[in-house]
Every structure is written in structure tokens, then in C-alpha cells.
Amino acid sequence: ATTSIFSGVVREPLGGQDTTSPIRADVGHAVTGHRTAVGALVYIHQLPVSRIDEVLGFDRVVFIPSVAVTLKELEDATRRVVKPHCHSLLGKVTYAPDETLSTAVG
717 ATTSIFSGVV
727 REPLGGQDTT
737 SPIRADVGHA
747 VTGHRTAVGA
757 LVYIHQLPVS
767 RIDEVLGFDR
777 VVFIPSVAVT
787 LKELEDATRR
797 VVKPHCHSLL
807 GKVTYAPDET
817 LSTAVG
């Protein structure tokens, strides 16, 4: 649940709510779009079991295309897509990092 802040730094400010992150602003995390995630799941679902066994073996972990972004990059991108005259309506993001959590996530 510590990674929920990666959606929170976008969702909360857009909703006019302030949020405090327990994760450092420079910590990165993989993000992907909903089309990519759903497309990958459908593709994997349609593969024959023999092909899945051949490629994955016992380990069923798969990696979906994604990009790594930091909390600060997400926060900044949110501000860039909001019209400047609406910035005052955005909730504020503050950082109160817990090093243990930041290390676990990053």
C-alpha cells in the first residue's frame, strides 16, 4: 500500500485535497497506462498454456511495459496539465519521508 502515494500525488491535488507523502520525492516507481495493462492481460490470457509453461516455467511473473517516474515528476506533470489559472484549486503535496518506507519502495 505504500505505493498508493504514486496515484495519490495526482488524484488528491486534482480533487482539491492536500496530501502528505511518506515516500521521498526522488523515489521512482514503474507506471503504465490502462490500455497497456489490459492489453497485456488479454494477450497473456489468450496464450496457450504450453507456451506459458515454455516461456515462464514455474514462475508466473511477467513484466508489462512501463516507465519509471518519481513522485516529483508526477507532481510536476500534474501541474503542467492543469491550466495556470486553476493552480490555486489544486491540493498541496508535502513530503514527510520515512526512510524505511522510501528504501522499501525505491
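Residues in the sequence shown are numbered consecutively from 717, following my numbering. Ideal Cβ positions, reconstructed from N, Cα and C, are used throughout, including at glycine.
Nearest Cα to Pro729 within the set Tyr759, Val797, Gly755, Ala812: Val797. At least 8 Å separates the beta-carbon of Val747 from that of Ser804. Counting along the chain, the unbroken alpha helix (DSSP H) around His750 starts and ends at 750 to 762. In the three-state reduction of the DSSP assignment, Ser737 falls in the strand class, which pools E and B. In the three-state DSSP reduction, Val725 falls in the helix class (H, G or I).
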